[in-house]
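Taking mature numbering (1 follows the signal peptide of the UniProt record, and there is no 0), I'd label the letters of the sequence shown as residues -20 to -1, 1 to 356. Backbone N, C-alpha and C define an ideal beta-carbon position, used for all residues, glycine too. A short worksheet on the structure shown next.
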Amino acid sequence: MYIYFSALILLTVWVRMAQLQQGGPDEKEKTTALKDLLSRIDLDELMKKDEPPLEFPDTLEGFEYGFNEKGQLRHVKTGEPFVFNYREDLHRWNQKRYEALGEIITKYVYGLLEKECHLKKVTLPVDATESEPKSFIFMSEDALTNTDKLLVLIHGSGVVRAGQWARRLIINEDLDSGTQIPYIKRATEEGYGVIVLNPNENYIEVEKTKAQVQLSSDSSDEPAEKRERKDKIQKETKKRRDFYEKYRNPQKEKETVQMYIRMIQREAEVKNKVTAVALTDSVHNVWHQEAGKTIREWMRENCCNWVSSSEPLDTSVESMLPDCPRVSAGTERHELTSWKSFPSIFKFFSEAIEAKNSSGKPAPTRRSNRIKYEEF
């Protein structure tokens, strides 16, 4: 194919450059000329050569996929699981197709939260003006009135949105393992109010207008000639540096600006009202996030992290960080930790609630009990 042919040419040029750099002054001049030639090659356009149009359906039906009675994504005609490499040797196109399907999955899960889990969608901030950026969460009807117990679900970082643990699991495994729906249904059965947060939706991206781009480039007090020369160098450098990142993440092709949604912190209220926190393979770091002594102590007493491990479920896992107890999630796959630890987490919550109701104080976590015993 043309792409492979072009890649071979580039490889040959780089090899030739390496050979020339070992020579004398004449060879170095040739090296400079070759570098100049490479700088003129638009690698991004080269990779797009012979690529089919990036136009994809906006519904599951359009993709000819659907979820069966087991919650598995299957082709409606063949019954086969999702195929990533739909077109051989076109990884970028396949990735774009996967991302388009992922956006449909996100909306599909939102629908399940409302229809199957009977949650309502609430816009945030609640006092937002017409023009300011907004996000949304989902909550049960009794979320703000249930005086007994409330479950707050927070997904991890990345492309996932409210109601999801892992997009890859939803597409390749099933809805139970990849979404928060089993947690929501069990919490509802046990009398919890439920709030499903949407922390990855904390800003919106809008495409930069020409006026915004011009404003950002003209904001310097430097002489115009020097600024133009500097801008040109920066643009060329950025173009080459961003090429492979753009190839891996093609949704970032347009120049955008992030508009953040208003957020607040309420440390004291959280510590006073939250009885227990279950983390699943969390990548937090109390040193990098500058957590104070009171937060670290609160985490040791009220939190537990189910981490990916080859050890059996709930086996204690040692850690060098002084944050919270860590136990095995019963799986070595990061994306499966929330699903595999599901029963243990609800047991952890029940024990914490029972202990608090009997003593009026938060219950110490499993590993903190063991540590205190060992200190004697």
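- Residue 63 sits in coil when the DSSP states are folded into three classes, being neither helix nor strand.
- By the CB criterion at 8 Å, residue 307 and residue 283 fall outside the cutoff.
- Between residue 161 and residue 173 a beta carbon distance of about 16 Å is seen, past the 8 Å cut, so the two are scored as non-contacting.
- Of the other Cβ atoms in all chains shown, 16 or more fall within 10 Å of the Cβ of residue 259; this residue is therefore buried.
- With contacts defined by Cβ atoms closer than 8 Å, residue 288 and residue 249 do not form a contacting pair.
- Residue pairing from DSSP places residue 185 in a beta bridge opposite 238.
- Straight-line measurement puts the Cα of residue 36 at about 11 Å from the Cα of residue 74.
- The three-state secondary structure of residue 279, taken from DSSP, is helix.
- Straight-line spacing of the CA atoms in residue 32 and residue 39 works out to 20 Å.
- Look at the region 144 to 176 and you find these whole runs of alpha helix (DSSP H), each 4 residues long or longer: 147 to 152, 155 to 158 and 161 to 169.
- Under DSSP, residue 255 shares a beta bridge with no residue.
- DSSP, read as helix, strand or coil, puts residue 55 in strand.
- Pairing residue 155 with residue 136, the inter-Cα distance amounts to about 17 Å.
- Ranked by Cα distance from residue 62, the first of 90, 117, 147 and 129 is 147.
- A distance below 8 Å between beta-carbons, with the five flanking residues on each side excluded, links residue 297 to the following residues of its chain, in chain order: 287, 289, 291, 306, 307 and 308.
- In the assembly as shown, residue 299 is an exposed residue. Its beta-carbon has fewer than 16 other beta-carbons within 10 Å.
- Membership of residue 82 in any beta strand (DSSP E) is not indicated; the residue belongs instead to the alpha helix (DSSP H) covering 71 to 95.
- Proximity to residue 176 across 113, 104 and 321 peaks at 104, based on C-alpha coordinates.
- Burial state of residue 337 is exposed, judged by a 10 Å Cβ sphere holding fewer than 16 other Cβ atoms.
- Contact fails between the region 90 to 101 and the region 49 to 68, because fewer than three Cβ pairs, one in each stretch, are under 8 Å apart.
- Counting C-beta atoms within 10 angstroms of its own C-beta, residue 243 has fewer than 16 neighbours from the protein chains shown and is therefore classed as exposed.
- The residues 149 and 319, in chain order, have a CB closer than 6 Å to that of residue 157 in the same chain once the five nearest residues on each side in sequence are set aside.
- Its Cα nearest to that of residue 314, the residue 261 stands out among 41, 261, 285 and 132.
- DSSP places residue 133 inside the beta strand (DSSP E), whose first and last residues are 130 to 133.
- Residue environment for residue 240: exposed (fewer than 16 other C-beta atoms within 10 angstroms of its C-beta).
- Inclusion of residue 133 and residue 163 in the CB contact set at 8 Å is warranted, their separation being smaller than that value.
- Nearest Cα to residue 112 within the set 324, 185, 119 and 285: 185.
- Only buried fits residue 140, as 16 or more other CB atoms lie within 10 angstroms of its CB.
- In this chain, the beta strand (DSSP E) harbouring residue 308 covers 306 to 308.
- Here residue 115 is bridged, per DSSP, to 104.
- As far as DSSP is concerned, residue 319 takes part in no beta bridge.
- Around the beta-carbon of residue 332, 16 or more other beta-carbon atoms lie within 10 Å, marking it buried.
- For the options 205, 52, 183 and 213, the alpha carbon positioned closest to that of residue 238 is the one of 183.
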